[in-house]
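Shown next, in the form of structure tokens:
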């Protein structure tokens, strides 16, 4: 964040006029984004790059976007930030000042969205992003950033609610989180939810982002014998954590859960049978109960996505599609290309999408409950949400007792 503020302060103070940025060449409206296509976070970044392209192609195939009496096609100007947040900031500046894109889509990860959205706010160009959930993004009073991921502070709310319905009920929790903006927000909110539920935190540890060694934390966890481990970080770190849990024979008495990884096929493939019993969460499942104007429904979208890209979408991809669809709906409602009018339209819209019912809160962030999922017999199973409780495999057996 310090880098962003320094960089933006060095930019010309003159904000590009809305009229300059609102020109659509050759009846094309261009959306700009910087996404992790290479580097450490490319495995998740690909969901955004691929979903943005698919959404734009699908909307264009259905006639594009009508603004007033004129129809436009959508286009995408996409950069690879190489998993470098400083490069990402520079690329968003370039998208606005040199490429003169009309509007912005976001990167993956809260620390990127936190800094990149400052560029959008500086130039008063809307950014709709489905990669950053940290409350820090929305606590600054910005008017031009909108997000389709729910608050990071509430990620474990459904899991903690489920804990009250389990038999035996868990009582003691180990909370482990990375030190980046998203995971700090997750930990902060989780502490509050645990306190409200009357649960005890017996371990509360933070680790450095991109850490590969959890031996000391796991030794502490093992000594405290918690009922539950609630873990927050990136997918590669989650894989390392589980592998080291097994090697050190760390066995919580109830279960262990992760903010990321569990819903993805890559996670299950990387761990094989060791992925079984892990709990996770998702804001989205590929169901035919989520209707969509352009794709039909979420199940249809998942099929098309898999056929085109060769891997299954998860909630990252679905939220990215909702970001693009937000512009399609808002531009039609605004009847104008002027960024302030488009911004106001985004703030006011409601529509059904393959991701969820889209409605942005006063701070620009959507609110959605998490569905608790578990890997059972190498398959992803939804086990809890606000309107159902399926049978979880609980308590999770110790490593040495598994078949």
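Residue numbers (the numbering used here): 3 to 405.
For glycine and all other residues, C-beta sits at the position ideal for the given N, C-alpha and C.
query	result
Cβ-based burial, residue 320 [other Cβ within 10 Å; buried from 16]	buried
Candidates 35, 203, 327, of which the one nearest residue 51 by Cα	35
Three-pair Cβ contact test at 8 Å for the stretch 292-303 versus the stretch 266-284	no
Between the CA atoms of residue 371 and residue 361 - distance to the nearest angstrom	14 Å
Status (buried if at least 16 other CB within 10 Å, exposed otherwise) for residue 73	exposed
DSSP three-state assignment for residue 390, whether helix, strand or coil	strand
Entirely enclosed alpha helix (DSSP H) segments - the stretch 234-258, minimum 4 residues	237-249
Beta carbon of residue 262 nearer than 8 Å to that of residue 224	no
Sheet register partners of residue 152 (DSSP bridge)	None, per the DSSP bridge assignment.
From 235, 199, 201, 198, residue whose alpha carbon lies closest to that of residue 207	235
First and last residue of the uninterrupted beta strand (DSSP E) at residue 377	373-378
Cα-Cα separation, residue 41 to residue 71	43 Å
Cβ neighbour criterion (16 or more within 10 Å) applied to residue 227	exposed
Contact under 8 Å by Cβ, residue 265 with residue 316	yes
Buried versus exposed, by CB contacts within 10 Å (16 or more), residue 249	exposed
Per-residue DSSP class, three states only, for residue 231	strand
Supposed contact pair residue 134 and residue 324 - C-beta distance, whole angstroms, cut 8 Å	About 14 Å; that fails the 8 Å criterion.
Top-ranked residue by Cα proximity to residue 197, from 159, 378, 185	159
Test item: CB-CB of residue 78 and residue 55 under 8 Å	yes
Residue 24 - DSSP class collapsed to helix/strand/coil	With a pLDDT of only 43 at residue 24, under 50, the local geometry of the prediction cannot be trusted, and the value read off the model is given with reservation. Reduced to three states, the DSSP call for residue 24 is coil.
Beta-bridge partners of residue 383, as assigned by DSSP	376
Beta strand (DSSP E) segments (min. 3 residues) lying fully within the stretch 287-355	352-354
Beta carbon of residue 174 nearer than 8 Å to that of residue 229	yes
Rounded Cβ spacing between residue 373 and residue 383 (contact assumed at less than 8 Å)	Not confirmed; about 10 Å, so no contact.
8 Å CB neighbourhood of residue 17 in its chain, flanking five on each side removed	Interpretation of residue 17 is limited by its pLDDT of 33, a score under 50 that renders its predicted location unreliable; the figure taken from the coordinates is listed afterwards. Same-chain partners within the cutoff: 124, 125, 126.
CB contact flag (residue 233, residue 260, <8 Å)	yes
Sufficient close CB pairs (3 or more, under 8 Å) joining the stretch 337-349 to the stretch 303-313	no
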